[in-house]
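In full-length UniProt numbering, the protein residues as written are 1 to 89. Input: a single structure, listed below in structure tokens.
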């Protein structure tokens, strides 16, 4: 496996419990811990994402499963995709 100098970080979208479980299993297999991220919903039902660690100089991957009613899940994923490279954590 070709890993960059900065390392590899895995993140899990919170779309459902199976997604988190899958990300943990992938991380165990690769010997990588899951990245720290806080995903929550505002009272108006908008998803919010807070990246809680630096990913500068690292390769990062977001693990996400697909389920019914995926509009909310897709928005969560898009917010994570935007937040990771632009965060200053």
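Note that beta-carbon positions come from the ideal geometry of N, C-alpha and C, so glycine has one too.
Check whether residue i and residue j have beta carbons under 8 Å apart
| i | j | result |
| --- | --- | --- |
| residue 79 | residue 12 | no |
| residue 67 | residue 59 | no |
| residue 32 | residue 51 | no |
Residue i versus residue j - alpha carbon distance
| i | j | result |
| --- | --- | --- |
| residue 53 | residue 27 | 17 Å |
| residue 57 | residue 9 | 11 Å |
| residue 65 | residue 45 | 20 Å |
DSSP state of residue i mapped onto helix, strand, coil
| i | result |
| --- | --- |
| residue 47 | strand |
| residue 39 | strand |
| residue 9 | strand |
Inter-residue CB distance, residue i and residue j (contact presumed, cutoff 8 Å)
| i | j | result |
| --- | --- | --- |
| residue 49 | residue 83 | 5 Å |
| residue 47 | residue 39 | 7 Å |
Spatially closest choice to residue i from the options, by CA coordinates
| i | options | result |
| --- | --- | --- |
| residue 42 | 66, 76, 18 and 86 | 76 |
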